[in-house]
Amino acid sequence: MATAASEAIKEPVKEPLKEPVMVKGLPYLGNALDMAKDPGRFFYECYRKYGPVFKIKVMGNTYTVLAGSEAANFMGTREGRDSLRSKEFWQGLVDEWGAARTLTGEDGETHQKLRAVMRHGYSKESVKGRYNELVEITDKVIARDWPVGQLAPVVQNMQYIVTEQLGAMLTGTSPREYVKDIRTTILYILNILVTRQRPKWMLKDPRYKYAKNRVSELGRRMIAEYEAGKADRDPARRNLVDDVMEAHARDPDLIPRSDLILSLTGPFVAGLDTVANTVSGFVYAVLKDPEVLKRVQADADALYSKGSIDEADLRTIPNIDGAIMEAMRVYTIAVAQMRTATRDFAFLGHQIRAGELLYVATAVPHYMEEYFPNPEKFDIDRYAKPRAEHLKPGVYSPYGRGTHTCLGKTLAEVQMALTLSRLFYKLDMELESPDYVLETKVLPTPGPSMKFKIRVKGIRH
Ligand code: HEM
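In numbering that gives the first Met the number 0, the protein residues as written are 0 to 460.
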């Protein structure tokens, strides 16, 4: 007869693993139209209907979607790390550029080594002591691109600010004349080679070929400038170029010559769309709400009241910080991370098989009432204690999750806080009309449309 103790140690009966539900779609296109319209909303609606696992089809490819806080938390676990890899999604880019590897497409030990090489150059440490220089660059671009009385194209102008800031920090020169080429290159790379939402023959487009050549030229220029001035480089101004070039000399197997252009132009590619889209979303939401605008201006005025700023000062703008966090929740750049299953594994009772293409839709909780009450509202007070809505596990992932979490996060935070505080300090701005509603785009990354314009009413300082 079974005793109570032997009952207790009996293995629980295991339910057989289920197959994820396939979301209905059109022949061949599958769910491509929903994805092209608003991938964040589409993943959210599927999550509500089917739960945290389902399958979708996009242009003939089937993807398993792991969604919600469950998926975000899974990415940070040992099992998640061992079950997911990035390689396949970035291989097209690596081949197209004749490289051996790229940081985003590596996993395991090589990925860790590359992250270690690039960690300092991608962090806010690389701009330490240079905040006032960044302010000066930002001021120059504001004076040039945001004339009083005119409508200014916000996303494009932000792309110039971001690129000039990164260029000055990395190379000491402005890569302004390359901004359009970087933008075109990102568009083609992400649409065709990474997310595969456009056919491969489009790589033959002369506009892409021209832009790619120009980005290569920028990379070659960075290498040449480094090599010419190696002996005189200032150790206090050590940046990603030093780190990558020294690692190449030390360990050419890890970073061969063929990988230098992609590695050195990486910050422009990684930073341009992401930061520019987020800060543009911020500009719209803040100008839409006069109360929030007042609070943002008050932060900016206090920050610059003493003339110069340092790292500690940038921590004293709670309204701007709250609005940046809210812009990243509402206008999430990376609504999902793309991965391949490295092995068969179970996710919440569902069978995922080795080789399956996956979307890990980590941003789904951003739009959920349960975590962010009244989620449609741009509410800059969500993040301060005691509410701190973002701190529930797995609910807030603007920078992704797991091993590939944004390496430029701290640098991006400095760029965003500094750019936005300076813009709202300097300029009195308004939307085209008070009832203007923001148009958004999806490709290459979701965000405000390039058509979004504001009017500069006057100079505040
Ligand atoms: C609002 C600004 C930004 C957002 C929302 C953002 C978001 C992300 C996300 C979601 C990932 C993970 C992709 C994945 O797992 O597949 C990522 C990776 C990365 N980001 Fe950012 N990013 C931002 C700004 C920047 C900036 C300014 C830089 C550098 C200048 C940068 C550098 C990188 C790099 C190097 C990676 C790859 C990390 C790896 O693969 O290990 N990011 N970013």
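Each residue gets a CB set at the ideal place from its N, CA and C atoms; glycine is no exception.
Opening and closing residue of the beta strand (DSSP E) in which residue i lies
i	result
D427	L426 to L430
H349	H349 to I351
D387	Here residue 387 turns out to be Ala, not Asp, going by the sequence shown. Taken as a continuous stretch (DSSP letters only), A387 belongs to no beta strand (DSSP E), as it is neither H nor E.
K54	V52 to V57
A230	Note, A230: premise wrong, no beta strand (DSSP E); not H, not E.
R454	K452 to I458
Beta-carbon proximity list for residue i, same chain, < 8 Å, skipping 5 on both sides
i	result
P445	D37, P38, G39, N276, Y330, T331, I332, V334 and T439
A345	L16 and I351
Y497	No answer is possible for residue 497: the residues shown for the chain start at 0 and end at 460.
Spatial neighbours of residue i in its chain, beta-carbon cut-off 6 Å, leaving aside the 5 residues before and after
i	result
L83	R338
N156	D144
F371	E388
Q149	none
A3	Annotation note: pLDDT 47 at A3 (below 50); position unreliable, coordinate value reported separately. No residues qualify anywhere along the chain.
K456	D427 and E429
Heavy atom of the ligand GTP within 7 Å of residue i beta-carbon
i	result
G265	Ligands displayed in this structure: the ligand HEM; the ligand GTP is not among them.
Where the alpha helix (DSSP H) through residue i begins and ends
i	result
H526	Examination of residue 526 is not possible in this model, given that the chain is present from 0 through 460 alone.
A71	G67 to M74
T341	No alpha helix (DSSP H) contains T341, which DSSP labels as neither H nor E.
I323	P317 to V329
I185	V178 to Y187
Y46	P38 to Y49
A360	Unbroken run through A360 is the beta strand (DSSP E), L356 to A360; no alpha helix (DSSP H).
K86	K86 to E95
K112	G107 to Y121
S82	R77 to S82
R249	L239 to R249
Residue i versus the options, residue with shortest Cα-Cα distance
i	options	result
R206	D288, Y187 and R197	Y187
E429	R454, M415, P447 and A411	R454
E290	I260, A362, M201 and D380	D380
V116	V274, A360, V240 and S396	V240
Y225	L422, A248, E325 and Y209	A248
V154	K450, R175, D242 and T184	K450
R77	H460, R459, L419 and G401	G401
M327	E412, D250, A383 and L357	E412
V274	G75, K229, A416 and I308	A416
R175	T162, R237, N72 and I185	T162
K203	R342, E216 and T184	T184
G218	L253, S257 and L133	S257
R421	V126, Y62, E132 and G79	E132
Cut-off 7 Å between Cβ atoms - residues of its own chain near residue i, not counting five sequence neighbours on either side
i	result
M221	T170, V240 and L263
Q296	F423
R213	Y177 and D180
L261	W96, A98 and T101
Q414	V161, Q164 and V274
L271	Q158, V161, T162, I181, R182 and I185
G79	F73 and G401
V363	F42, Y43, Y46, A66 and G67
(message) Just to confirm the assignment: which complete beta strand (DSSP E) runs, minimum length 3, are found wholly within the region 126-161?
(response) 150-152
(request) Determine contact between the region 429-440 and the region 277-291, defined as no fewer than three beta-carbon pairs at a distance below 8 Å. (result) yes
(message) Quick test of the definition: if touching needs 3 or more C-beta pairs under 8 Å, does the region 53-69 touch the region 384-397?
(response) yes
(message) Counting beta carbon pairs with one atom in the region 79-93 and one in the region 192-205, are three or more of them shorter than 8 Å?
(response) yes
(message) I'd like to know if the region 401-408 and the region 110-128 are in contact, where contact means that at least 3 CB-CB pairs between them fall below 8 Å.
(response) yes
(request) Would you check if there are 3 or more beta carbon pairs closer than 8 Å linking the region 266-273 to the region 307-321? (result) no
(request) Enumerate, from N- to C-terminal direction, the unbroken alpha helix (DSSP H) stretches of 4 or more residues contained entirely within the region 252-310. (result) 259-287 and 289-302
(request) Could you tell me whether the region 16-26 touches the region 46-63, using the rule of 3 or more Cβ pairs below 8 Å? (result) yes
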